[in-house]
Amino acid sequence: MTNVIQVAILGLLLGGVYALMAAGLTLAFGVMRIVNLAHAAFIIASAYISFFAFDKLGIDPLLSVVFVMPIMFFFGIAVYQALFRRIEGSAKFGEMTVLLTFGIAIMVEGLLGFVFTGIYRKAQPGYANESFIVDGLFLPEGDILFIPKGQFFASLLSIVLLVGLWAFLRYSQTGYAIRATTQNRAAAEIVGVNVRRVSAISFGLSTALAGASGALMSYLFPFFPFRHWQWVAVLLALVVLGGMGSMKGAVIGALVLGVASSFVVDQIGPTWGPMTFYLALFLILLIRPQGLFGKEVPV
Amino acid sequence: MIEDRAAMGPEDSAPEPTPEEVQRPPGPARYRWYVLAAVVVALLALPLFRPMISSYNYVLTLGALILMWVAMSSSWNILGGYAGYISLGHSVFMGVGGYVAGVLLYYHGISPFLTALLGGLAAVALGFLAGFITLRTRGPAFIISTIALLFMFLLMTDNFEYLGGAAGLPLPPLEVPQEWLRVPFYYAMLFIAFGAVWTSYRVAHSKFGMGLRAISEDETKAEVAGVPTRLYKISAFAMSAFWVGVAGGIYGYSIAFIRPTVFFTIAISAQMVLMAIIGGKGTVAGPVLGAVLIYAINEFSLVVFGATEFNIVIQGTILVAVLLFFPLGVVGTLRKMNRLPAFLNWD
Amino acid sequence: MAILEITDVSAGYGAGPDILQGLSLEVEEAQSYCIIGPNGAGKSTLLKVIAGLLHPRSGDVVFRGESLAHRRPDQVLATGVCFVPQDQALFPEMSVRENLIMGAYLLKDRALIKERLARVYEMFPILAERAGQDAGKMSGGQQQMLAMGRALMIDPILLMLDEPTLGLAPQIAQQIFSQVEQLKSMGLTVVIIEQNAQRGLELADWGVVLDLGIVRFEGPSEGILGDPRVRELYLGKAAGSGEKK
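Chains as they are written, first to last, in this note's numbering: chain V, -18 to 280; chain F, 1264 to 1610; chain G, 210 to 454.
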């Protein structure tokens, strides 16, 4: 029993981080219908910033979100203005964005590899290898639970950022505009939303979330440039599962699958963790092609 | 009143962009057949000129690889170009072919020259099965599921002892004198490239191909017009897997080992996509031209920049630039400008 | 005095042909206009051009001395021109109240937004009743009222309605018409596209008949209604298409 709780806790902690990663992707898809295959490449690029900030300057990776997020925000806006503005309104916009971001992902991967080489990196702040130990409480005599500090803090930061994002979307003027554009772009235009500006801001927010995810990745998971494909496959599986563009769906999907993969890792072996996501994706396509929280809309 | 409006349809709706008229080559442009015949003869005859080629094996290896890419991007084009369903996981079929032929050789000693076709059939079977599931969605969700498919296979091959795990299986080399070693592979790839391009051509000129194009234009309308969209899409997926699988079988043999990262990597899928797009997706000649172009650019950048990650940057940049400025690719753009030479016009 | 002058406007979608072919029209302040014409005449296209959703290929749209021809939709809206499209363009997963607040998106003054909200609720009590409900879950008539209410949040000078009674049951449509009547009496300039030409012309002060992207006839409604050429050419057709066959 204790082991089950232990595995579930680890899964939830991971799921929290996955949720943050998937939230960024979902935002970009929801507002602009951009399926950003470069999202994970952006995450890895951000992980390099945090890694070197820690390695060279001793800045804590968790703290590095303070500058990584703004950097990635403006980077995202620049990418949007330089590339996506050009294809707005083109036929087959969805397909175009996939191919375009595929190209961007390849570029980022190549550049990172060129500059930083392909070796594994992982920041090692003090808490990365420490755990909180829980005993007593409801646990059977002698049993203890480990809560790894690094993952706990990462998850906490994810929650803070996700709640912040939720409040921003819910209560701010720009948040209203973002939600409106997501639901009905034409209508948003009619009530006076500058949808281009909103799109640029949303894409910036999406990449800023990638930035925060990267800061967490820098000490949670070993990374190297090519790794982003593996991540993007997992994250995209989450986004499809959640119903393409449903923030709630992506977050719930991330938590559920975080726990599920944690059990798969525990029972079968660590290499099979990602399989949970792919299998879940195919399963959901079989049963409910529009995803858990999606509506049936022709794309 | 309500039913009546539905029958009337939306008013003032934007007129459909008229699909560009398919140009038929004018009568005198029959010379394209002569060009084709000349190319075929040259390709068939190339290995005969051994004394005149200084680095014979290198040239044949290069030739075989280009032919392989021609086959693979042309096959990808059946689904990605004609039907408009972009697969970013197409190298999964190459891997299936490679593993089927490789395992049969490793454990049973049967030559991949015989079993590569079996590998192709295995790829077709996977195409049907995967298509059955993934083609329930369209657009981005489909593309994503093809990536997931690729990674599933990477994980599985990585973890199955029987398949050699992450280290893969070494394959016994072909027992042919070193100086002739490349010839069988060259002809095998030449055969595969013919097969793939011929398939692509036949599809383009069939009712099936027209149905696929209709799906690509507007799937709902195609369905209303009586195209059995689901059947066509799944068939296109399976068909586009075949020659990729066969090529994989031969390729594994030619490099004398099979390993997950040789096949099940998105970089290989990326190449197929890139080649088809730069040449002109949805055209017969586009992927062929694109394969040659991209391969040439790759070799060139290898020579100039060395074997660095910079190659990857160049590929990504080309893809982005082509999409932004020439989304129709070389063949499509030339056609739009009415400048397409007849020997590239096979649509 | 004309507050809106459309001069020689040509417009079309994408690379397609011109839908509007050199159309000119003047709209007087505090008057109501009903635009009629056969399918494809360019009625919706005209309103989209005025609203800034579609830029004219040539010609000009001048509203109270300012050219709107190359403004963004939000800039056009800021001048007081508000458009309610055929599909109402609501935000389905936002509540009625949120939809109305979105209507005042360009306003910063919270007190003013509150005041307008109260005014809209007064005019459409049903919206006050359903304030918390998701817009996507309301009936067609209610959605149309929400769309009109939302348009009023910005307190427009010129309100353009594209077939507001489309697909509504006759008594609901009648309700919508009386709301439009009320707007007119408040001094708004109203331009309305109406498939039921007879009813539309009875409501409006002026009738405008579009055909093939230009204004074929225009004049006081009674005149248009009575004009035998119009009757024969368009009224029959337009009215006929509204009936069951």
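Backbone N, C-alpha and C fix where the C-beta goes; we use that ideal spot for every residue, glycine too. On a predicted model such as this, the values are computed, not experimentally measured, just so you know.
Per-residue contacts from residue i into chain V (C-beta, under 7 Å)
i	result
E302 (chain G)	Q164
F1573 (chain F)	G91, F95
R281 (chain G)	N175
For residue j and residue i, the rounded distance between their alpha carbons
i	j	result
V(-15) (chain V)	G5 (chain V)	30 Å
F333 (chain G)	T188 (chain V)	42 Å
I1638 (chain F)	I114 (chain V)	Absent from the model: residue 1638 (chain F). The displayed extent of chain F is 1264 to 1610, so no value can be given.
E1284 (chain F)	N1608 (chain F)	For E1284 (chain F), the predicted model reports a pLDDT of 45, less than 50, meaning its position is unreliable; a value from the coordinates is still stated below. If you take the alpha carbons of E1284 (chain F) and N1608 (chain F), they lie about 13 Å apart.
T1524 (chain F)	S1337 (chain F)	23 Å
L1 (chain V)	L190 (chain V)	7 Å
G192 (chain V)	A1456 (chain F)	44 Å
P1288 (chain F)	C243 (chain G)	Any reading at P1288 (chain F) needs caution, since the residue's pLDDT is 47, under 50, leaving its predicted position unreliable; the model's value is listed next. Distance between the alpha carbons of P1288 (chain F) and C243 (chain G) is about 53 Å.
G224 (chain V)	P1403 (chain F)	12 Å
S1498 (chain F)	S1350 (chain F)	14 Å
T1580 (chain F)	L309 (chain G)	45 Å
V1547 (chain F)	L1556 (chain F)	15 Å
Residue(s) in a DSSP beta bridge with residue i
i	result
D343 (chain G)	G:S304
R102 (chain V)	V:F204
M369 (chain G)	G:F292, G:V400
G428 (chain G)	G:G416
Q230 (chain G)	G:S219
V115 (chain V)	V:L126
D269 (chain G)	G:T216
I460 (chain G)	Residue 460 (chain G) falls outside the range modelled here, since chain G spans only 210 to 454, and no answer is possible.
E390 (chain G)	Per DSSP, none; premise fails for E390 (chain G).
Secondary structure of residue i, DSSP reduced to three states
i	result
V16 (chain V)	coil
D1421 (chain F)	helix
T398 (chain G)	strand
P1604 (chain F)	coil
Y242 (chain G)	strand
I125 (chain V)	strand
A413 (chain G)	coil
D36 (chain V)	helix
T1571 (chain F)	coil
A211 (chain G)	strand
I68 (chain V)	helix
I1521 (chain F)	strand
D1610 (chain F)	coil
S450 (chain G)	Confidence in S450 (chain G) is poor, its pLDDT being 42 and thus under 50, which makes the residue's placement unreliable; the coordinate value appears in the next sentence. It is helical.
V236 (chain G)	strand
P1436 (chain F)	coil
S227 (chain V)	coil
S153 (chain V)	coil
S1498 (chain F)	helix
Proximity winner among the options, relative to residue i (alpha-carbon distances)
i	options	result
L336 (chain G)	G:L321, G:P226, G:Q352	G:Q352
R266 (chain G)	G:L299, G:L229, G:I322	G:L229
L1368 (chain F)	F:E1562, F:G1382, F:A1456, F:I1529	F:G1382
S348 (chain G)	G:G358, G:L326, G:L377, G:L321	G:L377
V213 (chain V)	V:L43, V:A72, V:T7	V:T7
F97 (chain V)	V:I58, V:G173, V:A28, V:W253	V:A28
K188 (chain G)	G:I366, G:Q380, G:L375	With chain G represented from 210 up to 454, any question about residue 188 (chain G) goes unanswered, as that position is not in the structure.
H209 (chain V)	V:L(-5), V:Y101, V:T(-17), V:D41	V:Y101
A21 (chain V)	V:I265, V:E90, V:A109	V:E90
G1511 (chain F)	F:A1308, F:S1354, F:R1476	F:S1354
R425 (chain G)	G:L234, G:A211, G:S219	G:L234
G272 (chain V)	F:G1508, F:F1568, F:R1399	F:R1399
V215 (chain V)	V:P255, V:D41, V:F133, V:M228	V:P255
N248 (chain G)	G:I402, G:L321, G:M369, G:S276	G:I402
G1428 (chain F)	F:L1434, F:P1435, F:T1420	F:T1420
L256 (chain G)	G:A239, G:L286, G:E275	G:L286
Interface residues of chain V facing residue i [CB-CB closer than 9 Å]
i	result
R325 (chain G)	Here the premise fails: no neighbours, minimum Cβ distance about 13 Å.
L299 (chain G)	Q164, N165, A168
Interface residues of chain V facing residue i [CB-CB closer than 8 Å]
i	result
R359 (chain G)	V172
G1388 (chain F)	Strictly speaking, residue 1388 (chain F) in this sequence is Ala, with Gly absent from that position. What A1388 (chain F) touches in chain V: nothing, since even the nearest Cβ is about 16 Å away.
Cross-chain neighbours of residue i in chain F, by beta carbon under 7 Å
i	result
G84 (chain V)	G1579, L1582, V1583, L1586
G75 (chain V)	G1402, P1403
Contact set between residue i and chain G, taken where Cβ atoms lie within less than 7 Å
i	result
A231 (chain V)	Under the 7 Å cutoff, chain G gives no residues; its nearest Cβ is about 16 Å from A231 (chain V).
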